[in-house]
Amino acid sequence: MTTIGFLGAGRMGTALVRTLLQNGHQVQVWNRTAEKAEALTAFGATAKPTPEEAIGGVDIAIVNLLDYAASDAQLRRPAVTEALKGNLLVQLTSGSPMTGRETGEWATGNGIAYLDGAIMATPDLIGDPGTLVLYSGSRPQFEQYQALFMCLGGKSAFVSEDFGAASALDSAILAQMWGTLFGALQALAVTRVEKIDPDTYATFLKQSQPVIDAATKDLMQRVRDGRDRGDEATLASIAAHNAAFHHLRDIVRDRGINPAISDAFGSLFEAAIAKGHQEDDFAMLARFMVAA
Ligand code: NAP
47 MTTIGFLGAG RMGTALVRTL LQNGHQVQVW NRTAEKAEAL TAFGATAKPT
97 PEEAIGGVDI AIVNLLDYAA SDAQLRRPAV TEALKGNLLV QLTSGSPMTG
147 RETGEWATGN GIAYLDGAIM ATPDLIGDPG TLVLYSGSRP QFEQYQALFM
197 CLGGKSAFVS EDFGAASALD SAILAQMWGT LFGALQALAV TRVEKIDPDT
247 YATFLKQSQP VIDAATKDLM QRVRDGRDRG DEATLASIAA HNAAFHHLRD
297 IVRDRGINPA ISDAFGSLFE AAIAKGHQED DFAMLARFMV AA
């Protein structure tokens, strides 16, 4: 059994605290709106009136607040920093690789061991065997408390000693998710203006999904291997993609669909074609994503 000082009882914090309690840990919780911390006492938590009291004398301090600004405002008060010294701080607030690294440097500079976490799930999935929480930072501390971390998400993993790595992976995975969600918005706009039943669309999308998954896998392998020139294994050249893409642009223009997404995608095709990459693989577009 581990004693945890927990800052934050929002939607995610509440799910985390309840799961820790269900797994037999002791939790002292602070929340800006005290009623939310009080509500957790019904499940066995102890509510504390200040962050320094919540993290005083515990084995691990865990933070899950809205953002790093809210977190910094609490952690960097002298009374809180002093209480954290010699302890493990686990930051489960979502942030960027930069905020993860900056907080890791601040923590270690103050004698605080640090793990920066990225929760790849919604509150209802906390405690599930299939849930992934990524951690980066102090490997020995992750290994020491691995069983506790696994109770929050059964697929949780330590990814790197680079404090920013968990948040970097979080941003990459979310970028992929938003690509899909924004793609769905475009597709649904097309089905709406063309009066195609959404269930009919869903049926044919499902049948097309293996093709989409295979193309995504091929792209990732080609970018990894630097095979971005057109070759005999190229599935479709940039010219072929762009020709098909123009049909979407025609619908967007003629049927009054918001062009923001297709304009952004189109700008990449145009940049590559302007540089003479018509016959190259779609993977060539990766070169237009990051400044050399
Ligand atoms: P939430 O329900 O809005 O809770 C936000 C928490 O932050 C509350 O405890 C809130 O306190 C506190 N807070 C906000 N501003 C504050 C300030 N200035 N000073 C002190 N405390 C402050 O949000 P959530 O969904 O639980 O998200 C919490 C974190 O988990 C975020 O970093 C989020 O990105 C991450 N996350 C959430 C999900 C999800 O599906 N919800 C998934 C992955 C990661 P009050 O109760 O007093 O407002």
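Numbering-wise (the numbering used here), the sequence shown opens with residue 47 and increments by one.
Virtual Cβ for every residue (Gly too), placed ideally from N, Cα, C.
Rounded to the nearest angstrom, the gap between the Cα atoms of D296 and Y114 is 43 Å. In the three-state DSSP reduction, Q72 falls in the strand class (E or B).
Between the ligand NAP and the CB of M58, the shortest heavy atom gap is smaller than 7 Å.
Per DSSP, the beta bridge partners of G51 are Q74 and A107.
In the DSSP assignment, L234 falls within the unbroken alpha helix (DSSP H) covering A211 to V239. Around the beta carbon of D309, fewer than 16 other beta carbons lie within 10 angstroms, which makes this residue exposed.
In this structure, T48 sits away from W76, with a CB-CB distance that is not shorter than 8 Å. Within the DSSP secondary-structure output, A93 pairs in a beta bridge with V75. For F328, no alpha helix (DSSP H) segment is defined, and its DSSP state is neither H nor E. Between G183 and G150, the C-beta spacing is below 8 Å. For F204, the enclosing beta strand (DSSP E) begins and ends at A203 to S206. Taken from the Cβ of T154, every heavy atom of the ligand NAP lies 7 Å or farther away.
DSSP places A159 within a strand segment (E or B) once states are collapsed to three. Here G70 has M47 as same chain residues with Cβ atoms under 7 Å from its own Cβ, once five neighbours each way along the sequence are excluded. A83 and D326 have their C-alpha atoms some 57 Å from each other. Within the same chain, G51, F52, L53, Q74, V75, W76 and K94 come within 7 Å of A100 by CB-CB distance, once the 5 residues on both sides are set aside. In the structure shown, the three-state DSSP call for V136 is strand. With a contact defined as Cβ atoms closer than 8 Å, A320 and F334 miss out at about 10 Å. Spatial neighbours of G90 in its own chain (CB-CB distance under 6 Å, excluding positions within 5 residues in sequence) are listed in chain order as L67. With fewer than 16 other Cβ atoms from the protein chains shown falling within 10 Å of its own Cβ, H292 counts as exposed. For G176, no beta strand (DSSP E) segment is defined, and its DSSP state is neither H nor E. In this structure the stretch 55–65 lies against the stretch 165–175, because at least three pairs of beta carbons, one per stretch, are closer than 8 Å. When DSSP states are grouped into helix, strand and coil, I165 belongs to the strand group.
Counting C-beta atoms within 10 angstroms of its own C-beta, E207 has fewer than 16 neighbours from the protein chains shown and is therefore classed as exposed. Cβ contact annotation for L180 (same chain, cutoff 7 Å, sequence separation greater than five): G163, A164, M166, A203, V205, A212, L215 and D216, in chain order. The three-state secondary structure of S283, taken from DSSP, is strand. By the Cβ criterion, the stretch 110–125 is in contact with the stretch 137–152, since at least three pairs of Cβ atoms, one from each stretch, lie closer than 8 Å. In the structure shown, S184 adopts coil according to DSSP, grouped into three states.
By the 16-neighbour rule on beta-carbons within 10 angstroms, A129 is buried. Taking 7 Å as the cut-off, the C-beta of G54 counts as close to a heavy atom of the ligand NAP. If the five residues before and after T65 are omitted, its C-beta is found closer than 8 Å to the C-beta atoms of I172, G173, C197 and L198, all from its own chain and listed in chain order.
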